[in-house]
Each structure stands twice: as structure tokens, then as C-alpha cells.
Amino acid sequence: MAFANRDLTGIQDFTIDETMYVLDKATEMKHALLHKDVQRYRLADGRDLLAALLFYENSTRTRTSFEVAAQRLGMNVTGFASVEGTSVKKGESLRHTLDMYEAYLCDCIIMRHPLDGSARFAADHLGIPIFNAGDGKHEHPTQTLLDLFTIREHLGRLHNFDLGISGDLKYGRTAHSLAIALMAFEGIRVHLFSHPSLAMPQELLDMMAESGMEITVHETLMDAARNTDVLYQTRIQKERMPDLSEYDKAKTISEFTEKIMEKTRPHFGLMHPLPVDKGAPSIASALDKHPKALYKTQAGNGVPTRLTELALALGLMGDDFTGEPFRESQCSEDFIEVLPIREKPLRQDVSIRPIRNNGVVVDHMAPYMEEILTQVLKVRERRDIYRAATVKPASRPEDIKGMLMIEDRRLTEHELKIVASISPGCTVNIIENGTVTGKFRLSLPDKVCDVPGMMCANKGCISRPEHQESVSPRMMKAGDRRVSCFYCGQIMHTNQIV
């Protein structure tokens, strides 16, 4: 079956066919739950299935709805609702905590954790389904599925509509996941409003624009609300903001009021992932029972959607799926292009002498990258004889480039991969007895790992050494000179990774 034993760590783990299938099945489950049609939803009865809920951060709706969904399904539940009273307080790593729950023969893990990419790490580390219930400021895919369910239930479609997203667009993982999910649908016009310090990350805006979304940034919440069919209002997350003075400024302009509601379209729907902070309300309490307020229904939709997700991953349903299944991208190991060798006379008018006998020349690097390359290749530790510089060729003075020449050195394939990861597009010349015997052009590998000193630029990523989680950084190709973190998805230029 297409869904059996699948993880749900990011909303892009599902194809559009799979997403629509989940929503259709969740609709059936909601109907069964409303009518207490027990046989239709208690699919795990007698299966002795156990779900572990590991919540390193506070939660009411996500944790409770998953617990209710598992119990309605007929599963048992275990785990913890906070790290108080657990070995996490004694310094236990996420890796070891996960190992224990797998050793206890849990059938799946539902996890919320403060570090970005923690769910992806858990899925990569364990052999049982992992559900991401929120990882730092990264993603919250199970929330996104219930949000899509609610939008479709309200509008009757998931294409050709105006969506507003307001509040915390910088740290709000629910806003990020929803934007990513809707890239797959046609005719989505997105209206954004936030305090300038909480604007949507630029890399996500670029992705949205590339997908064909129309994006409008509004100066007031009123402007955003009056132009949308559904507004996704979010809480200003004081706990994630480094500058509390910005928090005070943001909360004063981010409350959705009765006056704003009066200006909305007749079919308008107001959503919120909740909670609403009573000290800095993102929605006026007087609107809680307004017919256009969808957030109570939205929260309730967490049970049928999460029940469906659990049932699919555990193989309790899904055998009638006929759409396009998700397939992992295949990584190519081909990053070396063999170039023809051209015979050229030895030049005497160069400031850096080429290698006379044996060695290697790395040419056409990005400017000023040669120093980094000497570090990762451990040139000084090995006491190699080398020359490195950023130069301006006499024949093409506009073509400033970095060069590294190392005498009596051959680079292994692993070392070539390191060079390709740091400065893709460079060339490598093998010198033997004063003659070029090999010439290669290196392109960025599909998978970048084991580069000395490599680090994700996102300080909240689980792979960062300061978090002491012993997770080795891993990058995936995201363009000719761009990579994304395997765990948290952070987009970086190759010159940022070391």
C-alpha cells in the first residue's frame, strides 16, 4: 500500500493525489465519528497497536487530538506531555529517547520538539512511522492537513481562491507549512500581513513565487482581510522572538477585531491554529461565536484527519488508493566531468608559478574560496607545499577567480567531492612530470556530507553542534550553487556551508 509505514515529517512528503485521498478519507472518518459509526473508525481493534506521543514542548490541541484519534482508532497511547520528570532533564539526547520507545515496540511516534529538523532526523534514525507534530519554527504538516481539510470544507475547493496569512510569518511553522502545501494547487492568491520584523522568510517567498502564486503584501490587517476568502490568523510567538521590544510592537497591530470582520466578504472564513494568547489576543474574544469564525471547527477537524493519517501509516486503510504515489528523488553520484587536455606552452609571465613536476591545481574557483579549501583539505596539517590566491587573469581581467596549487598531492574521489561541494564549477588539473595528465570539471553533488567544518546556517537546526544532539550535517542539492539542509530545509549558497 502507498501509505503503509510512511513518515509524515513535512507536507511535501505527499503528492497532490495523496493529499486529496487523505482529505477524502478524513471526510468519511468525520462522518463516522459524528454518527458514532464505531465499526467504520475503530480499525485497530484487537491489533495491539501502541502510539508514543513525545511532546518536548507544550501543546493542548495537537497532543490531545492525536491521543483522541489513536484511542478512537483502537490504539493504546504512551509517552510524555512535557520533559519535566523525564530523562531529558538529565541530559538525554533525542537519539537515545527515540531508541527507547522503539525498543519498547511502539508502532509509531508522534513528536513535537523545539529544534528544526528533529522530525526528519527521527524518521531517518528509526524504522517506525514518525509524525511531525511541530519541529521548532520549521513545519507542522499534520496541522496543515487539517487546515486544508477545513478550507475545502468551507469553500468546497482548494484552488482559485484568495488566502490571507497574518501574524507571525517568520517563526510560524503552521503558516510555512500551509504556504508550501498550497503551492501544489492552481489559482492561489496569497495576501500577507505582519509586523516587518515578522515577515515571511525570503527563501519561502521565492519558492511561492516560483510555483506561480500571486503574492500581495498589505500594510494593514484590514486590507488583507477584506481581500481574502479565508484568513489564516496566527499568534505572535513571544517565546520564539529574540527581541521582546519587537513583540510589543507586533501585537498592537495584529488583532483581528469586530470592525475588521464587518469589512470581509460574505463567504469569508476566519481560521487560527490556536491558542489565542489572552494577554495579546490575535482575535477579539467577541468573535468566538461569529458564523464566519472557523477555528473551533478547525481544531475539531484534527481528530478525523489525524485518525486517518495514523490508519494509513499503520496499514489499516489505503488499499484502494490509485493515484500518483510519492517517490523519493534519486541521488546521482555523478559530479565529475572529464575534460579534454589541451597542450599549452609553459608561461613565464605569471605571478604564481604553476606546478613544475607533480601535484594538483584547482582552478576557476569562486573568488576567495581558496583559503577555505586549504582548511578542509588539511593542507597545513599535512605540511603540503602549496600556493593559493584569488587572481585576475591577464587575458580575461573581468574573470576574477580563486586558485589552489598543491605539490606532490593527488586528491581522492572523496576529496574531489569536498571540493565540488564548496566550489562547484571549478576545474581540477592533475600534474605528472610537469604535464597535465588529467582535467576535470566538478559540479555540485546531489548529496553533500562529510565536509569538514560544514554546518547548517540555521541556528535552530538539530544538526548544529551547540545543541549536542550528535547529528551530522547533511545537505541536498537545490540548484547549481545552492543546497538545502536535509533536516530543516534551510536554503544556503555553497559558500555558506563552511
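For the sequence shown, position 81 matches number 159 in our numbering, and the numbering has no gaps at all.
No residue lacks a Cβ here, since even glycine has one placed at the ideal position from N, Cα and C.
Note that the structure is a prediction, hence the values are computed from the model and not measured.
Inset, instruction - Specify the secondary structure class of MET395 as computed by DSSP and reduced to three states. - result: coil
Inset, instruction - Return the CA-CA distance between PHE92 and THR164, expressed in angstroms with no decimal places. - result: In a straight line, the C-alpha of PHE92 is about 33 Å away from that of THR164.
Inset, instruction - List the DSSP bridge partners of THR513. - result: GLU510
Legend entry - Rounded straight-line distance, which links the Cα of LEU489 to that of LEU520: 13 Å
Legend entry - Contact set for ILE575: own chain, Cβ-Cβ below 6 Å, skip 5 residues either direction: MET532
Legend entry - Every unbroken beta strand (DSSP E) inside the segment 458-495 [3 residues or more]: 464-469 and 479-485
Inset, instruction - Look up VAL602 in the DSSP assignment and say whether it is helix, strand or coil. - result: A query on residue 602 cannot be resolved here, the shown segment of the chain reaching from 79 to 576 and no further.
Inset, instruction - Grab me the residues of LEU233's own chain with a C-beta within less than 8 Å of its C-beta, minus the 5 sequence neighbours each way, in chain order. - result: PHE239, ASP307, VAL308, HIS345 and GLY347
Inset, instruction - Could you tell me which residues DSSP pairs with ALA371 in its beta bridges? - result: DSSP lists LEU348 as the bridge partner or partners of ALA371.
Legend entry - Whole-angstrom distance between PRO382 and LEU226, CA atom to CA atom: 13 Å
Inset, instruction - Find out if the Cβ-Cβ distance for the pair PHE413, LEU522 is shorter than 8 Å. - result: yes
Legend entry - Span of the beta strand (DSSP E) around LEU128: 128-133
Inset, instruction - Quick one: give me the first and last residue of the alpha helix (DSSP H) that ARG150 is part of. - result: 139-151
Inset, instruction - Work out the CA separation of TYR464 and GLY157 for me, nearest whole Å. - result: Straight-line spacing of the CA atoms in GLY157 and TYR464 works out to 56 Å.
Legend entry - Nearest-angstrom Cα separation, counted from VAL440 out to ARG516: A small fix is needed here, since residue 516 is Gly in this sequence, not Arg. Going from the Cα of GLY516 to the Cα of VAL440 covers about 12 Å.
Inset, instruction - Tell me GLU293's beta-bridge partners as DSSP assigns them. - result: The amino acid occupying residue 293 in the given sequence is Ile; Glu does not appear at that position. ILE293 pairs with VAL268.
Legend entry - Rounded Cβ spacing between ASN436 and ASN507 (contact assumed at less than 8 Å): The Cβ separation is near 12 Å, so there is no contact.
Inset, instruction - Please classify ILE314: does DSSP put it in a helix, a strand, or coil? - result: coil
Inset, instruction - Run the CB neighbour count on GLN117, radius 10 Å, all protein chains shown included, and call it buried at 16 or more, exposed below. - result: exposed
Legend entry - Chain-order list of residues whose beta-carbon lies under 7 Å from that of ASP477 (same chain, five-residue window excluded): For ASP477, where only same-chain residues beyond five positions count, the Cβ hits under 7 Å are PRO471.
Legend entry - Per DSSP, cross-strand counterpart(s) of ASP326: ASP326 is not bridged to any residue.
Legend entry - Boundaries (first-last residue) of the beta strand (DSSP E) holding SER244: 239-244
Legend entry - Residues sharing a beta bridge with GLU217, DSSP: GLU217 is not bridged to any residue.
Inset, instruction - With a threshold of 16 other CB atoms inside 10 Å of the CB of ILE243, please say whether the residue is buried or exposed. - result: Answer is buried; the Cβ neighbour count reaches 16.
Inset, instruction - Could you please give the first and the last residue of the uninterrupted beta strand (DSSP E) stretch that includes THR572? - result: That residue, THR572, is in no beta strand (DSSP E); it is neither H nor E in DSSP.
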